[in-house]
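**Q** Take a look at the following structure, please.
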Amino acid sequence: MHGELQELGRAVKQAQYRQHRALDSALSAVGTTLAQWDALRAISRSPGASARELAAATFQTEQAFGTLAGRLTAQGLVERRPGRGRRIEHHLTAAGDSVLAAGHKVADEVLADCFSPLPAAERATLLDLLRRLTTPSDPH
85 MHGELQELGR AVKQAQYRQH RALDSALSAV GTTLAQWDAL RAISRSPGAS
135 ARELAAATFQ TEQAFGTLAG RLTAQGLVER RPGRGRRIEH HLTAAGDSVL
185 AAGHKVADEV LADCFSPLPA AERATLLDLL RRLTTPSDPH
């Protein structure tokens, strides 16, 4: 049993690695990286979010996200604004919106290619299975 589970874990990691490499490479054509584009997506989903919230949403440490947000701010893609107390809120600029939109087009193409070996029904099943693995279960 442990061999099969380890093989499953490795296969998930290989698929993720392939997808990330393809996305990072293709996103360079629109002037961004996967980490930067993911940060822009997170900010777009939660305008005004703190670095702590955005770090969690992008699977990064607060320090790593802060460094990334600093680069995005220097590139004119993100604006940091004072919030309540010591909170710093993050918002996309018009340029950030443009890079995000260009990245969505690239990602759609790359992901269509990554998942092309699976018919639509199998992609839907895979998504359902992965959601079950990543959604916290009800303790009751």
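Okay, so the sequence shown: first residue is 85 according to this note's numbering, each after it adds one.
Even glycine gets a Cβ: it sits at the ideal position worked out from N, Cα and C.
1. Please report the Cβ distance between Leu176 and Val162, rounded to the nearest whole angstrom; I am assuming they are in contact, meaning their Cβ atoms lie under 8 Å.
2. Just verifying my parser: in three-state terms, what is the DSSP assignment at Arg164?
3. Does the stretch 110-127 touch the stretch 174-193, meaning 3 or more C-beta pairs lie closer than 8 Å?
4. Which whole runs of the alpha helix (DSSP H) in the stretch 86-132 are 4 residues long or more, in chain order?
5. Where do the ends of the beta strand (DSSP E) carrying Leu176 lie?
6. Between the C-alpha atoms of Thr117 and Ser128, what's the straight-line distance to the nearest angstrom?
7. Check whether the stretch 100-119 touches the stretch 177-190, taking contact to mean three or more Cβ pairs, one atom from each stretch, closer than 8 Å.
8. Enumerate in chain order the residues of its own chain whose CB-to-CB distance from Gly160 is below 7 Å, with the five nearest sequence positions on each side excluded.
9. Measure the Cβ-Cβ separation of Phe149 and Ala135 and say whether it is below 8 Å.
10. What separation, rounded to the nearest whole angstrom, lies between the Cα atoms of Gly87 and Ser130?
11. May I ask you to report which of helix, strand or coil DSSP gives Ser200?
12. Applying the 10 Å Cβ sphere with the 16-neighbour rule, what's the burial state of Thr152?
13. I think Leu217 touches Leu210, with their Cβ atoms under 8 Å apart; what is that distance to the nearest whole Å?
**A** Taking the structure as given:
1. For the purposes of this step, residue 176 is identified with residue 92 of the sequence shown, where counting begins at 1. For the purposes of this step, residue 162 is identified with residue 78 of the sequence shown, where counting begins at 1. About 6 Å separates the two Cβ atoms, so the contact holds.
2. Reading the sequence shown from its first residue, position 80 is the one you call residue 164. Arg164 falls in the strand class under three-state DSSP.
3. Output reads yes: the stretch 110-127 touches the stretch 174-193.
4. At a cut-off of 4 residues, the continuous stretches assigned as alpha helix (DSSP H) that sit fully inside the stretch 86-132 are 86-111, 118-129.
5. As a first step, residue 176 is located in the sequence shown; it is residue number 92 there, counting from the start. Per DSSP, Leu176 belongs to the beta strand (DSSP E) from 172-176.
6. Against the sequence shown, residue 117 aligns to sequence position 33. Against the sequence shown, residue 128 aligns to sequence position 44. Between Thr117 and Ser128, the C-alpha separation is close to 16 Å.
7. Touching, yes.
8. As a working note, residue 160 is residue 76 in the sequence shown. Excluding residues within five positions, the ones whose Cβ falls inside 7 Å are Thr177, Ala179.
9. Within the sequence shown, residue 149 is the residue found at index 65, counting from 1. Within the sequence shown, residue 135 is the residue found at index 51, counting from 1. With respect to Ala135, Phe149 sits close: the two C-beta atoms are nearer than 8 Å.
10. In the sequence shown, the residue the question calls residue 87 occupies position 3. In the sequence shown, the residue the question calls residue 130 occupies position 46. Those two C-alpha atoms are separated by around 40 Å.
11. Position 116 of the sequence shown, counted from the start, is the residue given in the question as residue 200. Reduced to three states, the DSSP call for Ser200 is coil.
12. The residue given as residue 152 occupies position 68 in the sequence shown. The question names Thr, but residue 152 in the sequence shown is Leu. So Leu152 ends up on the buried side.
13. To locate residue 217, count along the sequence shown from 1; it is residue 133. To locate residue 210, count along the sequence shown from 1; it is residue 126. With 8 Å as the limit, Leu217 and Leu210 do not qualify as a contact, their Cβ atoms being about 11 Å apart.
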